[in-house]
Structure formats: structure tokens, C-alpha cells
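Colleague: Numbering (full-length UniProt numbering), first residue to last: 1 to 312.
#1: Please go through the same chain and pick out, in chain order, the residues whose beta-carbon is closer than 7 angstroms to the beta-carbon of residue 282, but skip the five residues on each side of it.
#2: Measure the Cβ-Cβ separation of residue 269 and residue 280 and say whether it is below 8 angstroms.
#3: Would you report the Cα separation of residue 221 and residue 41, rounded to the nearest angstrom?
#4: Can you tell me which of the three DSSP states residue 81 falls into?
#5: Residue 20 lies in the alpha helix (DSSP H); which residues open and close that run?
#6: If you draw a straight line from the C-alpha of residue 11 to the C-alpha of residue 111, how long is it?
#7: Among residues of its own chain, excluding the 5 on either side of residue 299, which ones have a beta-carbon nearer than 6 angstroms to its beta-carbon?
#8: Quick test of the definition: if touching needs 3 or more C-beta pairs under 8 angstroms, does the region 104-120 touch the region 271-278?
#9: Alpha helix (DSSP H) containing residue 160: first to last residue?
#10: Starting from residue 76, trace the alpha helix (DSSP H) both ways and give me its first and last residue.
#11: Under 6 angstroms Cβ to Cβ from residue 205, same chain only, skipping five residues before and after it: list those, please.
#12: Check for me: the alpha helix (DSSP H) holding residue 263 runs from which residue to which?
#13: For residue 251, does the three-state DSSP call read helix, strand or coil?
#14: Could you check which residue in 88, 38, 289, 236 has the C-alpha nearest to that of residue 261?
#15: Whole angstroms are fine: how far does the CA of residue 51 sit from the CA of residue 304?
#16: Using 8 angstroms as the threshold, is the C-beta distance between residue 161 and residue 257 below it?
#17: Taking contact to mean 3 or more Cβ pairs, one atom from each stretch, closer than 8 angstroms, check whether the region 114-126 and the region 231-247 are in contact.
#18: Go ahead and pull the three-state DSSP assignment for residue 99.
#19: At what residues does the alpha helix (DSSP H) containing residue 236 begin and finish?
#20: Three-state secondary structure (DSSP) at residue 245?
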């Protein structure tokens, strides 16, 4: 059927809409310009990231082996031989300590803001959370130094240690977990909790049995983003932990400091040894790999957990 016949048929049916070819042509041009602009913006934004990863792989590829991630640093200068096992284990120390503070505090605060808090109280807590998110990491480091590391301030006397650094990172992580948990819970339909309350459950029972299960995927995402935010932090560790080339003998006091990948890269890249420069590039690739693996792993755990809760 030709276009003229089609238009005539449409006109006869009483629903004639003339086709403006120039308008459609302009729209197609605008769409192509928009797609091209979006693609160009992606390339401009992604190119530096891929260039950094490519450069790190090219420079440090010969050190990327099992020995590099499974042995302790040795040689002279320290790190010229051996690997980065101390930094990998140190990162696990810091993430676990920070999560022990931030996960219960952040999730509890998010649930309170979404379900239990009063309007005025919620406004104050949200404002404090937003202010905490905006505080530079170096300021968190100074605060952690005076609160946890030194004999001054509140005088916890933890020294340069994993506990002081982990708690400082935990305070950085907490507001992120709080706000994202609140958003995850707010996305749950009100009918969920209304149905539970109508069946005689208390608000706490409805929260624990219905809301938390329904929002579990979003809560896991909140924790994941909080952890990803603290991995790679350097400034807080300069003031609360610095760096340990060996294994920690505790989490406080002398011997309580740990190594970590961010500080290892920072220290190695400022050394005059070319070998340490190469190892810093290789360590940056390992750190990126851990970030991607953690992202995928947490999303997989989130998906499995949601499926398990759905079956309960």
C-alpha cells in the first residue's frame, strides 16, 4: 500500500494525522546527535581510566604472578624482593574492622530514619550524614589521629594500629551505608508493612520479617558501596596506621599497624628504586582486581541472599 493510499484510508476512518516529514527528519537528526554526544562523553570519561589500567599492566605485568601476591616483602630497599602479602592481609583487617562498626550502625540508622524516626529528628540525622559524607578524608585522618591514636584528645591510646585506622574508616563508611539503606527501605511498597501490621505483627516484627527481607538487595548494595569507598583510602591511614612491612602482632599498640595496598602504592611510587615503581604499578592492578572481584562477589551474595529470603 502506498503512502498516499494509507493516508487516504486513515482520513476515511476519521483519524487523519498528516505526516510532517521535515519534523520527523529533524527528530532523527537530533537523536543521532544525542547518541553521538553520549558516546563521545563516555569515551572521554572512560579513556583515562582504561589508559591508567593499560599503563599499569604494561609496566608491572612481569610482577603479576602468584609469588607476588603470596609472599612477604623483603630485600633492600624493603620490597625490592618478595611480594605484597602483608598489604593484602592488612586490607582484610581494615575492611573487617570498619565493617564491624559501619554495618550495624549504618543499617540500624537507615531503618530508623525510614520507619521509626520523627520528622525533626530525621532531618537532623540526615543533615549530619550529608555533612559526614562531605568531610575530606584527610580531615577524617586528623580526627582519627586525635581520637584513637595519640594520648591527647579522648585518649584511647590505640597508637598507630589497625584498630585506629579501621575505626576511622568505619566512620567514613557509616553515613554512606545509612543513606543508601534508607533509600532501599523507602523503595519498599507501604502495603508490605501495612499487610504485616494488619495481621497483628508489631512494627518491629514487620520490619524484621518483611521490610529487611524485601530490602536485602539494596542493603547489600549499600554495604558494598561503603566498602568500595574505603578501599584505596590513603590520607586516613597516614595519620592512624601508616604502614607495616611485616605481619601485625595485634590490632593495637606497638606491632598493631598493618600494611595495605593503597599505602604500599603511595610509598613505593615515591621511592627512587625503579623496581619499586614497577611493583607499585603491579599492586595497583591487584587493587583494581580486588575491587572488581568484591563488586561481583557482593552482588552475587546479594542475589543469592534475596532468593533464599524469598523461599523462606
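Ideal placement from N, C-alpha and C gives every residue a C-beta, glycine not left out.
Modeller: The relevant details are as follows:
#1: Position 282 of the chain shown, counted from the start, is the residue given in the question as residue 282. 60, 63, 64, 68, listed in sequence order.
#2: Here residue 269 refers to the residue found at position 269 of the chain shown. Here residue 280 refers to the residue found at position 280 of the chain shown. In this structure, residue 280 lies closer than 8 angstroms to residue 269 by Cβ.
#3: In the chain shown, the residue the question calls residue 221 occupies position 221. In the chain shown, the residue the question calls residue 41 occupies position 41. Taking the straight line joining both Cα atoms gives about 26 angstroms.
#4: Counting from one through the chain shown, the residue named residue 81 turns up at place 81. Residue state, collapsed to three classes: strand.
#5: In the chain shown, residue 20 corresponds to position 20, counting from 1. It is not in any alpha helix (DSSP H) - residue 20 carries neither H nor E in the DSSP assignment.
#6: One-based indexing of the chain shown puts residue 11 at position 11. One-based indexing of the chain shown puts residue 111 at position 111. Because the pLDDT at residue 11 is just 49, under 50, the model does not fix this residue reliably, and the value given afterwards should be weighed accordingly. So the alpha carbons of these two residues sit roughly 59 angstroms apart.
#7: Taking the first residue of the chain shown as position 1, residue 299 is located at position 299. Excluding residues within five positions, none has a Cβ falling inside 6 angstroms.
#8: no
#9: Mapped onto the chain shown, residue 160 falls at position 160. From DSSP, residue 160 is part of no alpha helix (DSSP H); its letter is neither H nor E.
#10: As a working note, residue 76 is residue 76 in the chain shown. Taken as a continuous stretch (DSSP letters only), residue 76 belongs to no alpha helix (DSSP H), as it is neither H nor E.
#11: Along the chain shown, one-based indexing puts residue 205 at 205. Correct list: empty, nothing qualifies.
#12: Position 263 of the chain shown, counting from 1, holds the residue named residue 263. From DSSP, the alpha helix (DSSP H) with residue 263 extends over 261-269.
#13: Residue numbering aside, residue 251 sits at position 251 when the chain shown is read from its first letter. Of the three classes helix, strand and coil, the one that applies to residue 251 here is coil, per DSSP.
#14: Within the chain shown, the letter at position 261 stands for residue 261. Selected option, being the one with the closest Cα: 88.
#15: Along the chain shown, one-based indexing puts residue 304 at 304. Along the chain shown, one-based indexing puts residue 51 at 51. Roughly 35 angstroms separates the two Cα atoms.
#16: Position 161 of the chain shown, counted from the start, is the residue given in the question as residue 161. Position 257 of the chain shown, counted from the start, is the residue given in the question as residue 257. Going by C-beta atoms, residue 161 is nearer than 8 angstroms to residue 257.
#17: no
#18: As a working note, residue 99 is residue 99 in the chain shown. The answer is helix: DSSP assigns residue 99 an H, G or I state.
#19: Position 236 of the chain shown, counting from 1, holds the residue named residue 236. Here the alpha helix (DSSP H) through residue 236 covers 235-240.
#20: Counting from 1 along the chain shown, the entry for residue 245 is found at position 245. Looking at residue 245 - three-state DSSP - the assignment turns out to be coil, as it is neither helix nor strand.
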